[in-house]
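Just add 215 to wherever you are in the sequence shown, counting from 1, and you've got our numbering. Glycine residues also receive a C-beta, built at the ideal position from the N, C-alpha and C atoms. In this text, all values refer to a predicted model and were calculated from it rather than measured experimentally.
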Amino acid sequence: MNNSYNHSDLLTISSIIMNNDSRIDSETHTITQICFSLAFCSTLIHLIFILYFKRIRKLYGLCIIIHCLFYSISYLITLITCSLSKKTNLIHIIFGYLADYCILTTIIMNLKSSLMIVYLLWNKQENVNCYHGNSQLCNSNNVCLNHIKKLCYIIGHIMVIILPILCIVISIILFETNNYISEEHEEFAVISCNLTPNYGHFYIFFPILFILLLLQFSCILITIKLLMSQQQQNNNNNNNNNNNNHDNIKTLWKTTNISARFWITLKFTMTHSLVWLIAFLALIQASTSIWHVFTLLYSLQAIYITID
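The structure is reproduced here in structure tokens:
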């Protein structure tokens with residue numbers, strides 16, 4: 216009698232736990248879909264404003280416009296993967312890889328915008344240095360910069376087109392999509408949409424993403440260094456009562472859209488770094504609470520970029 220009673224109690228407790236787990240999964244799915252829906256609507260409105268107003272298009276530049284386009288598409292595809300059932304495994308995998316492609320392309324386009332800002336400032340600094348220097352050396356520097364510009368375009372296009380595809384192909388070849396680190400991570404995959412906690416994401420996707428973000432921070436530091444060196448040069452000229460009428464960096468910074476693009480790129484870099492660091496922590500720990508923080512920050516990032 217006691218054995219049957221204990222057995223029935225165990226069945227009751229296990230059923231309660233299963234019901235609670237399913238309820239948590241359902242609530243998590245709902246919260247995730249709401250956050251991603253808000254994010255997609257915000258980025259879509261942002262993209263419409265960019266495409267409709269010519270002044271905003273000139274302010275942002277082509278790289279940031281493409282960045283915003285893939286940014287919006289990544290939200291949409293992520294939202295689709297959240298809505299798909301795990302029973303439709305192949306479709307879920309395809310949309311998951313598409314979301315990863317759009318996310319990586321978004322980060323790469325922001326990096327390309329940072330590289331172009333560095334190139335423009337460096338080019339103007341070389342022009343300032345050439346003004347008081349050797350004309351032959353100046354011509355050789357200009358030729359060198361032109362080659363560097365072409366190289367930046369080539370590398371930029373190769374990175375945009377090939378790098379995300381290469382990451383996905385390597386992930387497919389080396390790692391199985393449903394090969395999770397542990398049973399806990401396999402359970403967490405039910406709520407993590409396209410960001411499944413498998414070896415492909417931990418060994419390919421996130422390392423490449425963080426390397427791209429690190430390169431963006433490097434470009435930002437180089438830009439700040441160029442501006443500070445120009446400011447120091449201006450102070451030295453003022454102390455020597457030497458009026459420099461060829462302060463090209465300062466003129467470029469104040470009379471063109473490069474300063475606005477720098478701040479836009481900086482905002483994207485900072486927010487992307489915070490959001491994807493939280494995403495990585497949520498996946499590596501298989502934590503539902505950290506996942507909620509990630510989805511909330513992901514939507515707030517889109518709203519902040521749209522409003523600001």
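Cβ-Cβ distance between residue i and residue j below 8 Å
i       : j       : result
Cys-297 : Phe-251 : yes
Thr-247 : Thr-510 : yes
Leu-253 : Ser-474 : no
His-400 : Ser-328 : no
Ile-332 : Phe-477 : yes
Pro-422 : Ile-396 : no
Thr-293 : Cys-408 : yes
Tyr-414 : Asn-394 : yes
Arg-270 : Ile-280 : no
Ala-517 : Tyr-290 : yes
Thr-243 : Ile-369 : no
Thr-480 : Asn-325 : yes
Ile-295 : Val-375 : no
Ile-260 : Thr-438 : no
Leu-424 : Leu-319 : yes
Ala-501 : Leu-410 : no
Phe-417 : Cys-382 : no
Leu-274 : Asn-472 : yes
Arg-434 : Leu-299 : Here residue 434 is Cys; the residue named in the question, Arg, does not match the sequence. No, Cβ-Cβ distance for Cys-434 and Leu-299 is not below 8 Å.
Buried versus exposed, by CB contacts within 10 Å (16 or more), residue i
i       : result
His-372 : exposed
Leu-429 : exposed
Asn-304 : exposed
Leu-436 : exposed
Tyr-519 : exposed
Met-443 : exposed
Ser-223 : Here the model assigns Ser-223 a pLDDT of 48, short of 50, so the residue's position is not dependable, and the following value carries that caveat. Looking at its Cβ environment, which holds fewer than 16 other Cβ atoms inside 10 Å, Ser-223 is exposed.
Ser-386 : buried
Val-384 : exposed
Phe-268 : exposed
Leu-277 : exposed
Ile-288 : buried
Leu-512 : buried
His-461 : Annotation note: pLDDT 48 at His-461 (below 50); position unreliable, coordinate value reported separately. Flag for His-461 reads exposed.
Ser-257 : buried
Leu-427 : buried
Leu-524 : Because residue 524 is not part of the residues shown, which for the chain are 216 to 523, the question remains open.
Beta bridge counterpart(s) of residue i as assigned by DSSP
i       : result
Tyr-395 : Asn-413
Simplified DSSP assignment, three categories, for residue i
i       : result
Asp-268 : It is worth fixing the name first, because residue 268 is Phe in this sequence and not Asp. Residue state, collapsed to three classes: coil.
Asn-325 : helix
Cys-408 : coil
Phe-403 : helix
Trp-506 : helix
Ala-497 : helix
Asn-338 : helix
Asn-459 : Residue confidence for Asn-459 is low, a pLDDT of 49 falling below 50, so the modelled location carries little weight; the figure read from the coordinates is stated next. Asn-459 falls in the coil class under three-state DSSP.
Leu-515 : helix
Asn-472 : coil
Phe-310 : helix
Asp-224 : Residue confidence for Asp-224 is low, a pLDDT of 45 falling below 50, so the modelled location carries little weight and cannot support an answer.
Leu-424 : helix
Phe-251 : helix
Asp-315 : helix
Phe-432 : helix
Leu-299 : coil
Phe-483 : helix
Phe-285 : helix
Ser-477 : Note on identity: in this sequence residue 477 is Phe, with Ser being the wrong assignment. Reduced to three states, the DSSP call for Phe-477 is helix.
CB contact check: residue i to chain C, cutoff 8 Å
i       : result
Ala-314 : Checking the listed chains, one finds no chain C in this structure; it contains a single protein chain.
Residue i: CB within 7 Å of a non-hydrogen atom of the ligand GTP
i       : result
Leu-284 : Judged by which ligands are present, the structure shown has none, so any question about the ligand GTP falls away.
Practice task
Check whether the stretch 261–272 touches the stretch 311–319, counting contact only when three or more Cβ pairs, one atom from each stretch, lie closer than 8 Å.
Solution key: Counting Cβ pairs under 8 Å, fewer than three are found: no touch.
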